[in-house]
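Participant: Here our numbering is used: the first residue of the sequence shown is 1, the next is one more, and so on.
I'd like to ask some things about the structure below.
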Amino acid sequence: AVVSTQSTGKLHKVIVIIIRYIAGCDLAVSLFVVLPRITFLIANEWVLGDLRVCNFLCGIHYFLTPLGFLNICQMVGFKLLILKNPLRAASWGSKRAMISCAITTLATLVLPITEILVNNKIYFDRKIYKCNFDFKSKSSKFAREFLSVFLALPSCSVILATIGLLIIA
């Protein structure tokens, strides 16, 4: 792939920073989620060490997947704010985006930590080729409900922000 060194044109600084965070998250997903699955498919067995590696990869998966989603939600929200308040947004720098992305990252850490504290049973699932929490246990019901609410609210905000963007544009 050819990497362009040209300017990003008319994209706002905040949007560029969030896009970089999304790209970093996607690269981490490729390394920590996709690569272990490909390794398992090629070897037809778990070859990445003992289950502690599996535990780490499971936690990383339950961190990176929502983080990428929440960064996209954040970008849509900032797009709406930039279009609604262009004069105010002109003064926003990259520091605002970095702080916002850092807060999103810290908030997303709640998901794997909650799942590990509530449901510490992790196994390698041969059906989906990845390490996974044992969601059949009664203790994981709370974690699943928490995850549903945690991701449902940003989903609703993206829908509302998109409607707002369509009205403005």
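Glycine is no exception: its CB is placed at the ideal position from the N, C-alpha and C atoms.
Taking C-beta to C-beta, are V110 and L64 nearer than 7 Å?
Facilitator: no
Participant: Let me know the secondary structure DSSP gives D125 once reduced to three states.
Facilitator: If DSSP states are grouped into helix, strand and coil, D125 belongs with the strands.
Participant: State the Cα-Cα distance for the pair C131 and R37, rounded to the nearest angstrom.
Facilitator: 9 Å
Participant: Give the secondary structure of N44 by DSSP, where H, G and I count as helix, E and B as strand, and everything else as coil.
Facilitator: coil
Participant: Any contact of the stretch 92-102 with the stretch 10-24, i.e. 3+ C-beta pairs under 8 Å?
Facilitator: yes
Participant: Taking just the CA atoms, how far does E115 sit from K141?
Facilitator: When rounded, the distance between both Cα atoms is 10 Å.
Participant: Which class does N85 belong to by DSSP, given the choice of helix, strand or coil?
Facilitator: coil
Participant: Using DSSP bridges, identify the partner residues of N132.
Facilitator: Y123
Participant: Go through its chain and collect everything with a Cβ distance to L70's Cβ below 7 Å, but skip five positions before and after it.
Facilitator: T104, T108, P154
Participant: Would you mind stating whether A161 and L80 have Cβ atoms separated by less than 7 Å?
Facilitator: yes
Participant: Note down the Cα distance separating F56 from F133, rounded to an integer number of angstroms.
Facilitator: Spanning the two alpha carbons is a distance of roughly 12 Å.
Participant: Determine the burial state of G68: buried for a count of at least 16 other Cβ atoms within 10 Å of its Cβ, exposed for fewer.
Facilitator: G68 should be labelled buried.
Participant: Just the Cα atoms here: how many angstroms apart are L35 and L147?
Facilitator: 25 Å
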